[in-house]
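First up is the structure itself, then whatever we jot down about it.
Protein chains in written order, with our numbering: chain P, 6 to 444; chain R, -17 to 110.
Written as structure tokens, this is what we have:
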């Protein structure tokens, strides 16, 4: 469906129907003291060329194109050219919610493909059509687990992204979620399963674990699932680095898998817009928040797609909907769909292998803080200089460094979270190693 | 049409009592108004239900509607066959498609509900 703005003539007709002279008349009932009586203070008009020139100059002040070793939830991956070619098509770019299946088969087909691909990657049976981002997927998954278990307590790993935990607390405050955290093994950097086992009880709705975790370490999903299931709690597995799904076994032991898709051709753009997703087992679908597209047949018996199980959603169910906060990120999720399609099953695995190999090359040259297995991110200790100083020296060499961890983990104030991806060049990784060893 | 031995609510639930156990369902009128029923969400055994409060919902292809408990008490049995065959509610709403059985906190409570004749005239009045 295309979006077409109103013509002047249509505006005049609508005003006439309302008995008004101009659009300003629509605001007549506003008290004069809140209305601006003068024109906006804008500079003199500029030509299109002058405006472009101005913004080009501003844009040139940005640092662009520096190699980056910063991950921590937003990753530097290659965006295939095809992504923007598809995204910029008007049928997708300006389409409306596909409530009318008979004129929305294109959009609905891409959503169905998205859901299918997400199920294949996560090992789940049903995935929604996306949510805002990975951080909001966490509380949505927690609330879903609470509805399913009729319990109100969640136990989240301290190795879950610190900002995801903040969003969980923000939602939790007004939704009656009791949140407890459990720590990590001081040598391995993975979840402390003994502490977890001590904190899961008969009131626990969900255990929330991120894989790979915030330190890049691969968490033991199966063991955590056993601990959760023993007490009737669900296991929620979160991912912030979707490329890891190309290599790691799908977390099939989980009850809910939710995460961030930024790695799949979504540009960092100062932190968004991104897209998240929630996937689960089919028996939990009634409590899954967000849009779902299903396959059906039309009157002529052709394969067709339509929104399904809409009674979970707020436009039908109002205050009793599974969520009144989420929405889907159709265009952004489409970028992820095109990305997954361009790479394919083998391509995604190769991509993940490159990430793994490069991160392990870099880690091999640095003092690692944790011994647990890792994917494309790891924590490096900087005994000689503070992590902020390492970053400053890297910037001098036109390299963006990692994330100093003291801000989120005071006990790791001498540590830097570093990430290497398929974009990382050997010479830049060697430069990082040199800066670390400089006295 | 509406069994004499049942009691009814204006929200279109029926209830029949045997000893201190009440069996609850939705009426034939309700199933007809809803159309093809695709899902029934019921409380669990052990849950407390309160007269006039929501205890579940019934979903059809065109609408979703809350089920209000006609009585107060504790759920002792749930009709598990409805999970697999929700269409039973359309086929036999007053029999096979009972929803839950509740142990009554106050057996007198049922006398406050509508009789078959009262319910019949209530729905005739709403249809007019």
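Yeah, the Cβ is synthetic: ideal placement off N, Cα and C, and Gly gets one too.
Residue environment analysis places residue 44(P) among the exposed positions, since fewer than 16 neighbouring C-beta atoms fall within 10 angstroms of its C-beta. Note on the segment 263 to 349 of chain P: whole beta strand (DSSP E) runs with a minimum of 3 residues are 281 to 285, 298 to 302, 308 to 312, in chain order.
In the structure shown, residue 415(P) falls within a helical segment according to DSSP collapsed to helix, strand and coil. Your pair residue 35(P) and residue 298(P) does not check out as a contact, with CB atoms roughly 42 Å apart and the cut at 8 Å.
Of the other Cβ atoms in all chains shown, 16 or more fall within 10 Å of the Cβ of residue 145(P); this residue is therefore buried. Only 41, 46 from the segment 34 to 47 of chain R bring a Cβ to less than 7 Å from some Cβ of chain P. Residue 203(P) has its alpha-carbon roughly 24 Å from the corresponding atom of residue 244(P). In the three-state reduction of the DSSP assignment, residue 197(P) falls in the coil class. In this structure residue 363(P) is not in contact with residue 268(P), their Cβ atoms being roughly 15 Å apart against a cut-off of 8 Å. Residue range 98 to 109 is occupied by the alpha helix (DSSP H) that includes residue 108(R). The beta-bridge partner set that DSSP reports for residue 70(R) is empty. Around residue 251(P), the same chain offers 353, 354, 356, 357 as residues with beta carbons nearer than 7 Å, after the five sequence neighbours per side are excluded.
Beta-bridge analysis with DSSP links residue 215(P) to 243(P). Considering only beta carbons, the part of the segment 314 to 326 of chain P lying closer than 7 Å to chain R consists of 316, 321, 322, in chain order.
If the five residues before and after residue 398(P) are omitted, its C-beta is found closer than 6 Å to the C-beta atoms of 440, all from its own chain and listed in chain order. Between the C-alpha atoms of residue 412(P) and residue 167(P) there is a straight-line separation of about 10 Å. Residue 187(P) is bridged by DSSP to 162(P). Residue 92(R) sits in a helix when the DSSP states are folded into three classes. Runs of the alpha helix (DSSP H) spanning 4 or more residues and lying entirely within the segment 344 to 402 of chain P occur at 392 to 401, in chain order.
About 7 Å separates the beta carbon of residue 246(P) from that of residue 380(P), a gap short enough to meet the 8 Å contact definition.
Between residue 374(P) and residue 438(P), the CB-CB gap reaches or exceeds 8 Å. Taking every protein chain shown into account, the CB of residue 68(R) has 16 or more other CB atoms within 10 angstroms, so this residue is buried.
In the DSSP annotation of this structure, residue 114(P) is not part of any beta strand (DSSP E); the continuous alpha helix (DSSP H) holding it starts and ends at 110 to 127. The criterion of a C-beta distance shorter than 8 Å is satisfied by residue 22(R) and residue 64(R). The closest CA to that of residue 393(P), considering only 432(P), 97(P), 75(P), 341(P), is found on 75(P). Looking at the DSSP output, residue 31(R) sits in a beta bridge with 55(R).
Per DSSP, the beta bridge partners of residue 23(R) are 39(R). Closest in C-alpha terms to residue 420(P), from the list 226(P), 38(P), 264(P), 194(P), comes 194(P). Here residue 31(R) has 25, 37, 51, 53, 54, 55, 56, 57, 82, 84 as same chain residues with Cβ atoms under 8 Å from its own Cβ, once five neighbours each way along the sequence are excluded.
Exclusion of the five residues before and after residue 11(P) leaves no residue of its chain whose Cβ lies closer than 6 Å to its Cβ. Put simply, the backbone Cα of residue 100(R) is about 26 Å away from that of residue 46(R). Residue 96(P): member of the alpha helix (DSSP H) spanning 95 to 98, first to last residue.
Taken atom to atom, the span from the alpha-carbon of residue 116(P) to that of residue 78(R) is near 39 Å. Shortest Cα-Cα distance from residue 109(P) to any of 386(P), 309(P), 377(P), 347(P) involves 309(P).
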